[in-house]
Amino acid sequence: MMSPEQFFELMLKELEVHTEMQPYYKFLGKKSSWHFRRNYFLQRLRYIQKNIVEAGNSKDLSIWDCGCGYGTTCIFLALNGIKTYGTTLEFYYDTVQKRKEYWSKYGDTSLFTCTYENLFDNQPAPASYDWIIVQDTLHHLEPIDDALQIFNKSLKKNGKILSVEENGNNIIQRAKLYKYRGNKRIITIWDEKLQKDILIGNENIRSLENWTKLFVKNGFHIKDNSVQYVRYFLPVHYRFSDPEELLKKEQKIQEGKGLRREYFFFGLNFIAEKN
């Protein structure tokens, strides 16, 4: 089994080879933000490890990573012996095959397959998947109710959605996004590969409360013990503090309900289970 920590170290070496990924992951940029970015990356990957890799019978699972991007999560799962199918609309789709070749010396990357397609054009067969992963993707899916209905039909009985999102209540991020896009939360973009217009959420992040309402409306319930808030401290805090101690402090804060948890954590993870 490959741990998130091992995977991260190998990925740093990969970034020296696949330099086109460096602007996205930014691990080889400023040293002052290195621990900040590392902690956040590992927290997200540990969440997937805990809930999928270590949950039992993982080798028999059928998993769909909707919005897989560079395929990082899919590669991590493949190296842990888990078969995953990824779909994406990202321009860097062509990089995925090169990444699979790089990682093939550490595990069976053939367990990961990927296609470039629109969720609404190619809907999976009913009851195809045990898990659907949506990482930095939910806030882009529009119409969101239609997307959640497709997910519901695609999942087997008691199937689950693992969501890694931004916290729509985060005060700093809300201000930044309002400056960036105002109230224009849904836009239409032209997709060169598909040669068509696509409706997309324009960084349309939501709070846990709003996600809960949407999921309940579409036949899911969010598991209370699955909710996790991540990334409370800013990069400047990492200049003067031990990164592991900051991580422990963050975990303590997120365990208690209150304003700090609801409005000052950047990330929000949760699992929605099909009713």
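Residues in the sequence shown are numbered from 28 upward in steps of one, following our numbering. Think of the CB as a built atom: it goes at the ideal place given N, C-alpha and C, for glycine as much as any other residue.
- Only exposed fits R287, as fewer than 16 other CB atoms lie within 10 angstroms of its CB.
- By the neighbour-count criterion, in which a residue is buried when 16 or more other Cβ atoms sit within 10 angstroms of its Cβ, L261 is exposed.
- A Cβ-Cβ separation of about 5 Å places F292 in contact with N194 under the 8 Å criterion.
- With a beta-carbon spacing of about 6 Å, C93 and L146 fall inside the 8 Å limit used to define contacts.
- Taken through DSSP and simplified to helix, strand or coil, F68 comes out as helix.
- Runs of the beta strand (DSSP E) lying entirely within the region 95-122, each at least 3 residues long, are 111-115 in chain order.
- DSSP, read as helix, strand or coil, puts K244 in helix.
- Residue range 198-208 is occupied by the alpha helix (DSSP H) that includes K206.
- A distance below 9 Å separates the beta carbons of Q176 and G246.
- Beta-bridge analysis with DSSP links K187 to W158, E300.
- Distance from I188 to T100 at the Cβ level is roughly 14 Å; contact not present, criterion being Cβ atoms closer than 8 Å.
- Residue state for I232 is assigned as coil, using DSSP reduced to three classes.
- Annotation for Q281: no beta strand (DSSP E) segment contains it, though the alpha helix (DSSP H) segment containing it runs 270-282.
- Straight across, the Cα-Cα distance linking E169 with W158 is about 20 Å.
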